[in-house]
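Working notes, beginning with the structure itself.
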Amino acid sequence: MVLYTSPFPNSFLSVLHSFSWGLIFPCYWLADRLVGSFVPTTYEKRQRADDPCYFHALCIIITTPIYLALLVASLPFALIGFLLWSPLQSARRPYIYSRLKDKNHANGASLLTEWKAAGSGKSFCFGSANVCLLPDSLARFNNVFNTQARAKEIGRRIRNGASRPQIKIYIDSPTNTSISAASFSSLVSPQAGDNRTVNAGIKRTTSMEYKGDNCGSNNGEENREDKGGSGEPHEGEENSCIVRINGEENGHMSDTETDTVNGQARASGPAEPSLEGDAEISKTPNHKQKEGDSGSLDSCSASRESLVKVRVGDGTVDQSTVNNKLLYKASIMKKTSVRKKKHTDETFDHEISAFFPANLDFLCLQEVFDKRAAEKLKEQLHHYFEYIVYDVGVYSCHGCCSFKFVNSGLLFASRYPVMDAAYHCYPNGRGMDSLASKGALFLKVQVGSTPQDQRIVGYISCTHLQAIAGDTTVRCEQLDMLQDWLSEFRKSTSSSSTANPEELVAFDVLCGDLNFDNCSSEDKLEQQHSLFTHYKDPCRAGPGEDKPWAIGTLLDPEGLYDEEVCTPDNLQKVLESEEGRKGYLVYPTSKNHSSSQKGRKASLKGNGRRIDYMLYTEEGLYLEWKVEVEEFSFITQLAGLTDHLPVAMRLMVSTGEDDP
């Protein structure tokens, strides 16, 4: 299948489209600014509450007549542009495929090596987020604003979190097998190099020193401990840093030791320069981070957090083997992750994280509606992802029943090459949703090859369903269509036969904003849909019941700018407590409870409305391989930038072979 690298088949149509949009844009921009000036966010209301001279009200009185006059003047040109623009959409392609040609610009994709399926297995990490990048006037109804600046910052935070080094700490303890949380707020950025294992024997201490010329590239493949407990990296995993710690007394540290080490880390950690300056970013409140905030790009902690793995074993201290080039300090917090500690019967790790997972392989975004914001977001993501599919959808009356003013809002980014892509528009959208070409994007990626030259591929699907509450029937119809399109895409892109397989399918993942949760009484039909018999939801215990550790992904818009949740670290801490979740998450609807969330203390079902899903299936995969969830995360790194929590899942593809 040929991937479309431009929106139109020839340059003449592209030029004509640019000319028509140039006539429309002034009218569109003026209307957006005019409406936006009358829809303030809670942050702006708080800022203006201290204005004794009512300066903003005066500005509105002055600028409104000017905007109206310019808007009326631009209408004739917009009408001419629309008459040219609308018929051109019949020739427009359903997506744009962007591949970064200069790999020096991409920190992550350039360091990937092809998986040869010769080891015991390999893990792949998937992320999904609704980023609410609508035209600014519409975004304000969700209590977010400054769409163009937010697009840049969202891209920066995602790449910053995903490109941080994958650092694993193995605590050698005969009794402690739980997973502890770690803070790497004082780590410096490592240089390119090879894998290293450091034995740093520490007894009841909260810090370790690693002096080495590299602890792993920011963008290498993750290094995962195999099930046999060897601690060696799986085949294809690169640039990881492994630190083994000899601990005692269950690996716990005293409060005094913790405070001492945190002070040492702050004193010894060199500052990391900001990635990029942008005056426009300062216009939005959530970019004014405090010192040490992990979500701030100007903080040295922004890309230095990693998961901590704990392994039982023996080890002796041999610090003479530690290289002496750069000093790395990491503090191990006494308090372990509450949500990890309570549910030890789960077969995989789960957490609320302030960062996107290190070595994120695939990213699916929803509500990237604004085309200028999509370009800014793409530019930022290309610093990490080599392959991006964006501007997905149809416009005008082409391909769907009703007129479409905006695209689907879907965007896909990958570190692995895309082989095939297809898009389908849901024809049954209602209300405001019918103005957008909401649909599903299907992709086939190549993640490696076997020694016999068989391609190893994976399937990823991203979708966004009907949003209006009460439209249960519409969403169920869309789920039916989604299943049919999934099956059709698999058949049309498969080049294998049972007798002579040319391709080995490693995974099949479906993610997106489904706009229903698994606990609301009003969403029973969706909860019982047959999709969940084919695809597994790691957070789901059954229809109408989530697992105890799963939390909602829909934030209460009114509280986005509260000091308690306006930074990734703060939001993470709040969501780890039941009272915090009740105050800042939207909860499942019930006949016995009102929709108001703020300050509610009543006992509610579940831990919030989880409408952003990450599903996977074992059907249709290579029979000799096994796929299982290795890790699931709810992410707070986009705090203050969107009203949804991103989710991430790491899948382990086990080949059943031993590492050489």
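Residues 1 to 660 (full-length UniProt numbering) make up the sequence shown, in order.
Cβ coordinates follow ideal geometry from the N, Cα and C atoms, glycine included.
Values in this document were obtained by computation on a predicted structure and should not be read as measured data.
Under a 10 Å Cβ-count criterion, Arg46 is classified as exposed, with fewer than 16 other Cβ atoms of the shown protein chains found around its own Cβ.
Beta-bridge analysis with DSSP links Thr553 to no other residue. For Ala639, no beta strand (DSSP E) segment is defined, and its DSSP state is neither H nor E. If one requires a minimum length of 4 residues, no alpha helix (DSSP H) run lies completely within the stretch 476-513. If the five residues before and after Ser408 are omitted, its C-beta is found closer than 6 Å to the C-beta atoms of Val392, Gly393, Ser437, Lys438, Gly439, all from its own chain and listed in chain order. Secondary structure at Gln47: helix, using DSSP grouped into helix, strand and coil. Taking the CA atoms as reference points, Phe25 sits about 25 Å from Cys425.
For Trp29, the three-state secondary structure derived from DSSP is helix. Separation of Val15 and Phe82 (C-alpha to C-alpha, rounded to the nearest whole angstrom) is 15 Å. Around the Cβ of Gly429, a 10 Å sphere holds 16 or more other Cβ atoms; the residue is buried. Distance between Gln454 and Val505, taken at the CA atoms: about 10 Å.
Nearest to Ser90 by C-alpha distance, out of Arg490, Val418, Lys404, is Lys404. For Asn130, the three-state secondary structure derived from DSSP is strand. Counting C-beta atoms within 10 angstroms of its own C-beta, Lys101 has fewer than 16 neighbours from the protein chains shown and is therefore classed as exposed. Contact annotation, Leu34 with Tyr67: C-beta distance approximately 4 Å; criterion of less than 8 Å satisfied. Val629 is a Cβ neighbour of Leu651, given a cutoff of 9 Å.
When secondary structure is reduced to three states using DSSP, Ser654 falls in the strand class. Within the stretch 516-587, the runs of alpha helix (DSSP H) at least 4 residues long that lie entirely inside it are, in chain order, 524-527, 531-534, 568-575, 578-584. Annotation: the continuous alpha helix (DSSP H) that includes Asp136 extends over 136-139.
Restricting attention to Tyr459, Phe355, Phe412, the CA atom closest to the CA of Phe632 is found in Phe355.
The residues Asp517, Cys519, Ser520, Lys605, Gly606, Arg609, in chain order, have a CB closer than 6 Å to that of Pro588 in the same chain once the five nearest residues on each side in sequence are set aside. Annotation: the continuous beta strand (DSSP E) that includes Tyr387 extends over 387-390.
Annotated three-state conformation of Ile352 is strand, per DSSP. When the Cα atoms are used, Asp612 and Phe8 turn out to be separated by approximately 32 Å. For Asn142, the closest of Leu641, Gly656, Ser654 by C-alpha to C-alpha distance is Leu641.
Taking the C-beta atoms as reference points, Tyr616 is found no nearer than 9 Å to Lys547.
Counting of Cβ neighbours within 10 angstroms places Pro76 among the exposed residues, the total staying below 16.
Judged by their CB atoms, Leu486 and Ser461 are nearer to each other than the 9 Å cut-off. Around the beta carbon of Gln637, 16 or more other beta carbons sit within 10 angstroms, so the residue counts as buried.
Relative to Val406, the option among Ala422, Ser414, Phe369, Ala413 whose CA is nearest is Phe369.
In this chain, the beta strand (DSSP E) harbouring His424 covers 418-425. Comparing alpha carbon positions, the residue from Ser449, Gly470, Ala373, Asp480 closest to Thr463 is Asp480. For Ser123, the beta-bridge partners assigned by DSSP are Met652.
Around the beta-carbon of Ser128, 16 or more other beta-carbon atoms lie within 10 Å, marking it buried. With at least 16 other beta carbons inside 10 angstroms of its own, Tyr459 counts as buried. Here the C-alpha atom of Ala118 lies approximately 22 Å from the C-alpha atom of Ser495.
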